[in-house]
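Chains as they are written, first to last, in the UniProt record's numbering: chain A, 1 to 421; chain B, 1 to 290.
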């Protein structure tokens, strides 16, 4: 007994010794591998939800560190400081500026589990088999690259995507129905003298000018071949309309960020303005009537997605792919759908939503039960219907996409003229 | 000439280095970039004066002012208004503190009281005006309630008025401090002498106090003028983003990566502001007075 136990003891001891030696040899990489990874996530504040980061960390142990900046600053950092983040959440229209710098790598769709389930709106520019408007920087125009390091876009689908879509929506005017007291059905109303001193427009030039273009077309002043890529003459015309309206005292204010637009509307300073869907929701959660008004000319759409900077390699790159895969897996998609955005992979999001929620948010049906936001605020009482109807109705009504024009520099110069007028 | 006065040079070196590294070098860079070309995503180090030409594009037009001149006029207008109001207010407050408040502890207490607004960020101090001045704000509710007006007064918010108000609120302190400081240095015997010679209160203020406060006034003015010239946050928030300022133009251009244009604008702004400061220092020789 004692013998064998001794023997066992020795073997165990030598085993431990051996393991220690072996461990010593691999100790450094081993310990290193256990180190928690933190992903620096660059994007706008609206998309950086605390709940999403917490859930992802709980599921995978990978930490997300949000870097919230404005839309313009996302692009600026992507161009000037590509080492300062591990994952970028940016809009498709910014790609025209970012991609030629070579700071982004094409994303290998072979490593994205749900890549082939991404809504055809991005891959083919269609909804329910029908083509939607592609004026401006429609995602399908800037979706693919020939190779991961390519600096130009591929017209045909390839294995490499520039961005993996996260959220998208179609914007229109937000109105205060309680203060306007009549139906609004056209973009032209934004410049209706009836709302003198009570309307507002977006002071992000590249988006604001698109809204102005919707107004110009709606008013029957001009029909653009492509609102998202104007000639100098067309820019002049659009800005001239804006300046005239401003000189007549049309605008109460211009707004630049989400909260500004919410405050303008909630305080009643403004009764009609271009607005983002979640901002309308935010006004409504304050108990103030606010409608995200569908208009006959259609919507101005936008889409954001995740991109991978070329500075990210090895385990960090794996973690980035893990995050993107997790994001498309349903939980985050359902969460975003409940905020009024749309998620890129509908199938997985649907699986994580209650049937009555799906019916309300996506199918344009009346709410069977009270509809609540992800943090529990009441958004819609039972029986209410979502503004703009179903997913297919809303996204099928896209007139143009947010864009960067070829004459971007000139446009910004003219926009400053508008602000100075 | 045997000694090179090495110690003073050595003493000056650390500051000179900091100065060179954090002021001179960046300024040179800005000046250089202002002569470069750029695309949407890269800077091209090729000499061009196009940026300056673009800044003054259309300024030869006599019918309508060009954007740059309009912007500068709007900025200058705020500069003059804010300067005049803060100077008047600052002088009055400093005068009260220095000459009417007798005990030093009371002076200190009131002085600290003046700094209370600075305990929160200036963005918050600005934004708190919005619910007060808005269409449905307190002031309008009061006026409507009293029957003074029939419909809300619109020019209270997002107007030149609200911009000036916010500037005065934010920057009067920068006038009070230097003026108070120079008033404290006035020998009370001088005031007494003036009174004994039969001067009225007003004459004493105008002929004794004001000249002796010149340094404080100039320093305060430099603060206010340079701040207002470069500001874009206050004008943006209080003007409803609808009022042009040079700072705002630069900010928009940098956010669209038009760095050379922004740099050209910055160089022009710097030159303008330096000229104003230079003019102010003609009034008083700061080095001699301090």
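The beta carbon of each residue, even a glycine, is placed where N, CA and C say it ideally should be. Remember, predicted model here, so these are calculated numbers, not experimental data.
{"Asked": "Neighbour flag for residue 205 of chain A against chain B, beta carbons, 8 Å", "Found": "yes"}
{"Asked": "Contact list for residue 136 of chain B against chain A, beta-carbon separation under 9 Å", "Found": "267, 268, 269"}
{"Asked": "Sequence-distant residues of the same chain with beta carbon closer than 6 Å to residue 272 of chain B, five excluded per side", "Found": "none"}
{"Asked": "Residue 286 of chain B at chain A interface by Cβ criterion, 8 Å", "Found": "no"}
{"Asked": "Min CB distance residue 158 of chain B to chain A below 8 Å", "Found": "yes"}
{"Asked": "Environment of residue 167 of chain A [buried if 16+ CB atoms lie within 10 Å]", "Found": "buried"}
{"Asked": "Which listed residue (B:241, B:254, B:66, B:176) has its alpha carbon closest to that of residue 219 of chain B", "Found": "B:176"}
{"Asked": "Stretch-stretch touch, CB-based, cutoff 8 Å, three pairs: the segment 300 to 307 of chain A with the segment 88 to 106 of chain A", "Found": "yes"}
{"Asked": "Where residue 343 of chain A sits in the DSSP three-state scheme", "Found": "strand"}
{"Asked": "Beta-carbon spacing of residue 179 of chain B, residue 147 of chain B below 8 Å", "Found": "no"}
{"Asked": "Residue 199 of chain A - partner residues in DSSP beta bridges", "Found": "A:251, A:272"}
{"Asked": "Host alpha helix (DSSP H) of residue 424 of chain A (start-end)", "Found": "This structure cannot speak to residue 424 of chain A, because chain A is shown only from 1 to 421."}
{"Asked": "Segments of 3+ residues assigned as beta strand (DSSP E) that fall wholly inside the segment 169 to 229 of chain A", "Found": "199 to 202"}
{"Asked": "CA-to-CA distance, residue 244 of chain A to residue 191 of chain A, given in whole angstroms", "Found": "10 Å"}
{"Asked": "Below-8 Å beta-carbon distance, residue 29 of chain A vs any chain B residue", "Found": "Summary for residue 29 of chain A: the model assigns pLDDT 47, below 50, so the residue's position carries little reliability, and this model does not support an answer."}
{"Asked": "Between the CA atoms of residue 93 of chain B and residue 187 of chain B - distance to the nearest angstrom", "Found": "19 Å"}
{"Asked": "Below-8 Å beta-carbon distance, residue 234 of chain B vs any chain A residue", "Found": "no"}
{"Asked": "Contact the segment 59 to 70 of chain A vs the segment 332 to 341 of chain A: 3+ CB pairs below 8 Å", "Found": "no"}
{"Asked": "Within-8 Å CB hit, residue 254 of chain A to chain B", "Found": "yes"}
{"Asked": "C-beta contact flag for residue 207 of chain A and residue 414 of chain A at 8 Å", "Found": "no"}
{"Asked": "Continuous alpha helix (DSSP H) stretch holding residue 196 of chain B: start and end", "Found": "188 to 196"}
{"Asked": "Proximity test, Cβ basis, 8 Å: residue 101 of chain A and chain B", "Found": "yes"}
{"Asked": "Residue range of the alpha helix (DSSP H) that includes residue 107 of chain B", "Found": "104 to 115"}
{"Asked": "Residue 12 of chain B: first and last residue of the uninterrupted alpha helix (DSSP H) it sits in", "Found": "6 to 19"}
{"Asked": "Cβ-based burial, residue 142 of chain B [other Cβ within 10 Å; buried from 16]", "Found": "exposed"}
{"Asked": "Residue 395 of chain A beta carbon less than 8 Å from that of residue 422 of chain A", "Found": "Any question about residue 422 of chain A goes unanswered here, given that chain A covers just 1 to 421."}
{"Asked": "Other residues of its chain near residue 68 of chain A: CB distance less than 6 Å, five sequence neighbours each side excluded", "Found": "45, 48"}
{"Asked": "Alpha-carbon to alpha-carbon, residue 61 of chain B and residue 37 of chain B", "Found": "26 Å"}
{"Asked": "First and last residue of the uninterrupted beta strand (DSSP E) at residue 150 of chain B", "Found": "No beta strand (DSSP E) contains residue 150 of chain B, which DSSP labels as neither H nor E."}
{"Asked": "Where residue 160 of chain B falls: helix, strand or coil (DSSP)", "Found": "helix"}
{"Asked": "Cβ contact check for the segment 113 to 131 of chain A and the segment 156 to 175 of chain A: 3 or more pairs under 8 Å", "Found": "yes"}
{"Asked": "Cβ-Cβ distance between residue 463 of chain A and residue 362 of chain A below 8 Å", "Found": "Residue 463 of chain A is absent from the model: chain A starts at 1 and stops at 421."}
{"Asked": "Counted within 10 angstroms of its Cβ, other Cβ atoms place residue 330 of chain A as buried (16 or more) or exposed", "Found": "buried"}
{"Asked": "Test: residue 77 of chain B CB closer than 8 Å to a CB of chain A", "Found": "no"}
{"Asked": "Contact set between residue 53 of chain A and chain B, taken where Cβ atoms lie within less than 7 Å", "Found": "Correct list: empty, because the minimum Cβ distance to chain B is about 26 Å."}
{"Asked": "Residue environment, residue 278 of chain B, which counts as buried when at least 16 other CB atoms sit within 10 Å", "Found": "exposed"}
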